[in-house]
Each structure stands twice: as C-alpha cells, then as structure tokens.
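Letter by letter, the sequence shown follows residues 3 to 385 in this note's numbering.
Yeah, the Cβ is synthetic: ideal placement off N, Cα and C, and Gly gets one too.
Every value quoted in this text rests on a predicted model; they were computed, and no experiment measured them.
The next block holds one structure in the form of structure tokens; read it before the comments.
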Amino acid sequence: MKVTFPHMGDLWIIIKTLFETLDVEVVVPPPNSKKTLNLGTKLAPESACLPLKLNIGNFIEAKETGADTIVMTGGIGPCRFGLYGELEREILKEAGYDFDAVILEPPDGSIPGLLKRIRYLVGDEHSWVRILGAIRFAYTKSVTMDRIEDIIHGARPRLGVEAEVLYRSAKDKLVQATSYAGLEQVVRGLRTEVKGRQLARIEQQSGLEVGEPLKVGIVGEIYTILDPYSSVDVEEQLGQLGAHVDRSIYLSAWVAKHVFLGVTNGYKSLKPYHKLAKPYLNHFVGGHGQETVGAVVKYARSGFDGIIHLFPLTCMPEIVASSILPRVQQDYKIPVMTLIVDEHTGHAGVQTRLEAFVDLLERSRHQRSILSDGERDTSMAAR
Ligand code: SF4
Numbered sequence: 003m004k005v006t007f008p009h010m011g012d013l014w015i016i017i018k019t020l021f022e023t024l025d026v027e028v029v030v031p032p033p034n035s036k037k038t039l040n041l042g043t044k045l046a047p048e049s050a051c052l053p054l055k056l057n058i059g060n061f062i063e064a065k066e067t068g069a070d071t072i073v074m075t076g077g078i079g080p081c082r083f084g085l086y087g088e089l090e091r092e093i094l095k096e097a098g099y100d101f102d103a104v105i106l107e108p109p110d111g112s113i114p115g116l117l118k119r120i121r122y123l124v125g126d127e128h129s130w131v132r133i134l135g136a137i138r139f140a141y142t143k144s145v146t147m148d149r150i151e152d153i154i155h156g157a158r159p160r161l162g163v164e165a166e167v168l169y170r171s172a173k174d175k176l177v178q179a180t181s182y183a184g185l186e187q188v189v190r191g192l193r194t195e196v197k198g199r200q201l202a203r204i205e206q207q208s209g210l211e212v213g214e215p216l217k218v219g220i221v222g223e224i225y226t227i228l229d230p231y232s233s234v235d236v237e238e239q240l241g242q243l244g245a246h247v248d249r250s251i252y253l254s255a256w257v258a259k260h261v262f263l264g265v266t267n268g269y270k271s272l273k274p275y276h277k278l279a280k281p282y283l284n285h286f287v288g289g290h291g292q293e294t295v296g297a298v299v300k301y302a303r304s305g306f307d308g309i310i311h312l313f314p315l316t317c318m319p320e321i322v323a324s325s326i327l328p329r330v331q332q333d334y335k336i337p338v339m340t341l342i343v344d345e346h347t348g349h350a351g352v353q354t355r356l357e358a359f360v361d362l363l364e365r366s367r368h369q370r371s372i373l374s375d376g377e378r379d380t381s382m383a384a385r
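Right under this line is the structure:
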C-alpha cells in the first residue's frame, strides 16, 4: 500500500510523520502549483470549490509517483466537504485513476470508527499503544508547527525577508525531529534566533523611531487560510508589508476539534468563537462560517487594526458569514476586506489590494492617534 493525501499548507509534515512512524509507505504529492490546479480543474465540476480542484490535482500527481491509496478527512453539515471523499473517488475513477479511499475524520462522530480506519491503513503489526503513541507525537508536531508559524508572524514585520529564511530552516528541522525534546528544541532555537536578529536590527536603527506593526487578523475558510498557494501567500505578503498577522484557525486546533472531537484544544482553540459569534450567528452553517464571525469579534475586541476575510468562490458557509460581517464591522468599527479566490486569482492583483488595505489601516491608525492626542491635550487644558 502506498498512501497519499491532499495538501493543505504544511499538513503533509504531520501526516508523513504519522505514517512513517508506523512504517506505512507515504507518497507526498508535489507542492500545490498551477499544474496541480489545472489537472484538478479539468476534471472537477466547474462550480466546485477550489480545495476540491486542488485535491484532485494532488491525487493525480501522487498517482504518477506510485500512490494507490488516498487518505482524506470527511465532514458533516451543510457544506460540500462531507461529500469530498466519495466525489473525488468517483471523479478519479471516471477519469481512469483507480484508488482505494480511506476517510479519516469520524463523520458519525465515532472515535472507534476512526481507529478502525487507522488500523486498516497500518496493518496488524503494531500494537494500539504504538499507534496511539504515533498519533500523539504527530499531533504534538502539529502544535509545534503552529507555534513556529506564530513566531514567524511576529518576526516578519520586524525582520522582512530574513524571517522567511528562518521559517524554512525551522520547518526543515521540524520535518527531521523524531522526539518531543527535538520538537521543543526547534521552537527554542527559532525564538532565540528571532530575538537575536531583532535586537541586532534595533541596534542598527538606534535613533530612528520604530513603531508597533499593524495587527491584521485573517479569518475564513480553513483550507484557504492554511494553504499559502490558495491564499496567494497572503500571510507572507502582509508580513512583508509590515503587518503582524494572526490567523483564526491553526491546524492543531482544527485537528483537536474535528478529529479528537474537542478532547484536547490544539494551538489557539476554536472553542471561544461560538460564544463570541452568538449575537450575530447562533447556529452552525457548515465549514467554519460561525468561527469566522466569532474570530472577527475576537480580533476587534483585542485591538486589531483590520481583518482579511478569505474564502474560495462559491464557499457557502463563508458566503453566509460575509453577509453578517458588515454588522460586526459597524458595531466594532473595524475594517474588513473580503478576498475571494479561485483558479483565476493572480498574485499581482492580490498584492495591489493588500497594499491598498495596509495603507488604509496605517492612515486610520494615524488619525486615531491624532484624535487621542487631541483629547489628551483638551483634558489637560481643562485641569
Ligand atoms: S467550507 Fe467552503 S470551500 Fe470548504 S468544502 Fe465547504 S463549501 Fe467548499
């Protein structure tokens, strides 16, 4: 059995670790690219959402290097994700690609169902203790990856392209790490490196005023916000434009909620979002529409300067969220920019929009500081 799976950002690091620890042969598809998307777009229905098209492209590219079994997650509720596994298998079969498909998320909410599928993939040689140990280690690796990304989000506006070099190096070390101590070491090493370079920069810039970077939250459909190819590198672009980015969903929080059914929280848990979204949207709308609304409230209350709402064309849950966000925006006076992506989205167009948005946020921060200076002067004069 040669197992493959769809890309979703750096998810491949976690799945590769899980299966290789259990001696399952893994074929990691080539990174998402124009070729991947073209392959998927040719076979998928035109109205299908972008992640489905990329998934199909991933599977075809993995088949070319010998994969015969697809592993993917399922879903529930009024969104097409729940149908993806079956739909992709049918599309590929019709096109002459024969795969065995194993869907890993417990669509019926049953952990035993999930464990049964894992047992099918790993065979009978390993004990459950070993399998659960491998799952725990892979999950911890995903939390570590999220911590790394968070550190890089903070480093980009201060270190520019240097942060990308540190990011690549930390990811390479993460792929190689085979122990819990090794994972901790990657985070510690990255923190020290970032801190050292930031201090060096501050020394170089002594005498110049260095302001706090803008804070921008990225919310929206999980695949698009986690996958840099789909998001047209929106996190990196914003970071290089001087913004400190945070994202509403990190991979381990998604795994904790959907695969481990909330037994654990993951990095930056999704749990608070439902309560925060309640005044605007108090029920599940599929995907992460409710989380999107809750995250905008969270960012607005935490003093963020602006929000990017990112999702693929025709994504139903995010269309619902986007019809609600103007109310949140009005209540909290926070700018929200909507970015909808599909196979025609280009880097230059997104870059121009991001530059304009950052410019707007800078001007509005400047105006706020003038107003608060004015208020302070008036109150001092009145004393
Ligand atoms: S959340 Fe949106 S993009 Fe993702 S599968 Fe559902 S409809 Fe498609």
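Where do the N-terminal and C-terminal ends of the alpha helix (DSSP H) with P274 fall, by residue?
If you look at P274, you'll find it in the alpha helix (DSSP H) that goes K273 to A279.
Among the candidates M147, E151, T194 and A157, whose CA atom is the shortest distance from the CA of Q178?
For the residues M147, E151, T194 and A157, the minimum Cα distance to Q178 belongs to M147.
N- and C-terminal bounds of the alpha helix (DSSP H) containing E149:
Correcting the residue type first, residue 149 is Arg in the shown sequence and not Glu. Counting along the chain, the alpha helix (DSSP H) containing R149 begins and ends at W130 to L161.
If you check the beta carbons only, do F61 and L106 fall under 8 Å apart?
No; because the gap between Cβ atoms is not below 8 Å, this pair is not in contact.
Going by alpha carbons, who is nearest to V218 out of T19, G308, H346 and I16?
For V218, the nearest C-alpha among the options comes from G308.
Would S324 and T340 qualify as a contact pair, given that the criterion is a beta-carbon distance under 8 Å?
Result yes, Cβ atoms of S324 and T340 sit closer than 8 Å.
State the CB to CB distance for the pair V124 and V26, rounded to an integer number of angstroms; the pair is presumed to be in contact (CB under 8 Å).
That belief holds up - the Cβ atoms of V124 and V26 are roughly 6 Å apart, short of 8 Å.
Judging by CA-CA distance, which residue of A46, P8 and I17 is the nearest neighbour of P31?
Ranked by how close their Cα comes to the Cα of P31, the residues A46, P8 and I17 have P8 in first place.
Compute every distance between the C-beta of Y252 and the non-hydrogen atoms of the ligand SF4, then say whether any falls below 7 Å.
The answer is no for Y252.
Is there at least one non-hydrogen atom of the ligand SF4 closer than 7 Å to the beta-carbon of M318?
Judged by the Cβ position, M318 qualifies as a neighbour of the ligand SF4 at the 7 Å threshold, a heavy atom of the ligand being closer than this.
According to DSSP, what are the bridge partners of R249?
Its beta-bridge partners are I220.
Compute the distance between the beta-carbons of R193 and I153, then report whether it is under 8 Å.
Taking 8 Å as the Cβ cut-off, R193 and I153 qualify as a contacting pair.
Using a Cβ-Cβ cutoff of less than 6 Å, which residues in the same chain neighbour Y225 once the five nearest sequence positions on both sides are dropped?
Correct list, in chain order: M10 and P53.
On the criterion of 16 or more Cβ atoms from any shown chain inside 10 Å, does H290 qualify as buried, or is it exposed?
Residue burial annotation: H290 is buried, with at least 16 other C-beta atoms found within 10 angstroms of its C-beta.
Assign Y86 to buried or exposed, taking buried as 16 or more other Cβ atoms, counted over all protein chains shown, within 10 Å of its Cβ.
Y86 comes out buried.
Shorter than 7 Å, the distance from the beta carbon of V33 to the closest heavy atom of the ligand SF4, or not?
Strictly speaking, residue 33 in this sequence is Pro, with Val absent from that position. Not so, every heavy atom of the ligand SF4 lies at least 7 Å from the Cβ.
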